[in-house]
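Taking it in order: structure first as C-alpha cells, then the write-up.
Numbering (my numbering), first residue to last: 1006 to 1300.
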C-alpha cells in the first residue's frame, strides 16, 4: 500500500517538475553538471549522477509507453577524509532528486551520533525516529557514522542502526540515507554489520586531492572571493600544502577544508597589512594577496 502511494506521489511530482522547468531536453542534468564542474575530482560522483539522471529520464519514457518501472534504492555510503566534498555532494544530490521528482523536498538534514543515541532504554529509538521524520522527502546525512558502533554490544548505537534500517524500508514519503566517514573506519563499520552493505547499493569513494587539485581549489576560492595572488603567494601556499599533506590516505589532513582555512587566514592577514598602511588604496591593492599574507 505504501509503495503504491509513494509511486503515485512520485509520478505527480515529476509531472509538476516538468511543467515548471525551462524548455530544455535535459535541463536538470545541465544544471547538475554546472555544479559538478565547480567540484574538483570526485569522478565517481560525476559518473553516478549522470547514471541516476539517465535512469529517471528513461523511466519517464517507459511510463509513457505503459512499460513497467520500479523505484530503486538510493541509500548511500560516502567514504573519504574530511574536506573531500562529501557534504557538498549530498546537498547537490538532494537538489537534483527534488527537481527530478525522486524526492518530495530534497532538503538536507545532517546528524551525528549525539543526535541519534540516547542515554537510557527507549530514548535512542525515539531520537532516531524524530531525525528521520525531519528528513522525510529529503536527504539524511550522518557523518562519522561508524561512531554508532563504537560502544560495544550494550551500547545504544546499535539500536540507532536498527531503527534507521527499519525506516529505510518503511518510511513514507521516502528519504535517502547517506552514511559518511573516513574510508578505513567505514569499511570496518560495514564489516562489523554484515547486513548493512547490501542495504546501501551506492558506495562512493572520495579520494584525497592531489597537490595540483588543491591548488586549483585555492584558485577557485580566490576567484569566488574576488582576490588574486602574486607568484610568491602562490608558491608559499603550495609549499604549505606540500608540508601538511600526508600520503597513503592518512586521515589527519582535511583537504579542501585546509585550503579554505589557509585562504581565509591569508585574507585576514591582507586586511591587517593593508589597514596598517594608512593610505588610500587602489583596486589592485585591495584584492592582491602577497607572500607575506601566507605566514
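Backbone N, C-alpha and C fix where the C-beta goes; we use that ideal spot for every residue, glycine too.
Taking C-beta atoms under 8 Å as the contact rule, residue 1111 and residue 1123 fail to qualify, at a distance of about 29 Å.
Bounds of any alpha helix (DSSP H) do not take in residue 1047, whose DSSP letter is neither H nor E. In this structure, DSSP gives residue 1084 an extended state, which the three-state scheme calls strand. Counted as a single uninterrupted DSSP element, the stretch harbouring residue 1127 is not any beta strand (DSSP E), since DSSP gives it neither H nor E. If you ignore the 5 residues before and after residue 1137, its C-beta comes within less than 8 Å of the C-beta of 1145, 1168, 1169, 1172, 1176, 1180, all in its own chain and listed in chain order. Secondary structure of residue 1071 (DSSP, three-state): coil. Residue range 1188-1197 is occupied by the alpha helix (DSSP H) that includes residue 1194, with no beta strand (DSSP E) assigned at that position.
With respect to the 8 Å criterion, residue 1151 and residue 1190 are classified as neighbours on the basis of their beta carbons. Here residue 1224 carries a helix assignment [DSSP, helix/strand/coil].
The three-state reading of DSSP puts residue 1061 in helix, counting H, G and I together.
Going by beta carbons, residue 1106 and residue 1149 fall outside the 8 Å limit. Closest in C-alpha terms to residue 1270, from the list 1247, 1226, 1127, 1288, comes 1226. In the structure shown, residue 1152 falls within a helical segment according to DSSP collapsed to helix, strand and coil. If you ignore the 5 residues before and after residue 1184, its C-beta comes within less than 6 Å of the C-beta of 1082, 1147, 1150, all in its own chain and listed in chain order. Of the candidates 1211, 1224, 1290, the residue whose Cα lies closest to the Cα of residue 1089 is 1211.
Shown here, residue 1279 sits in a helix according to DSSP, grouped into three states.
Going by C-alpha positions, residue 1174 is about 13 Å away from residue 1201. Contact between the segment 1068-1075 and the segment 1245-1252 is absent: fewer than three C-beta pairs spanning the two stretches fall below 8 Å. In the three-state reduction of the DSSP assignment, residue 1270 falls in the helix class, which pools H, G and I.
Counting other Cβ atoms within 10 Å of its Cβ, residue 1127 stays below 16 and is therefore classed as exposed.
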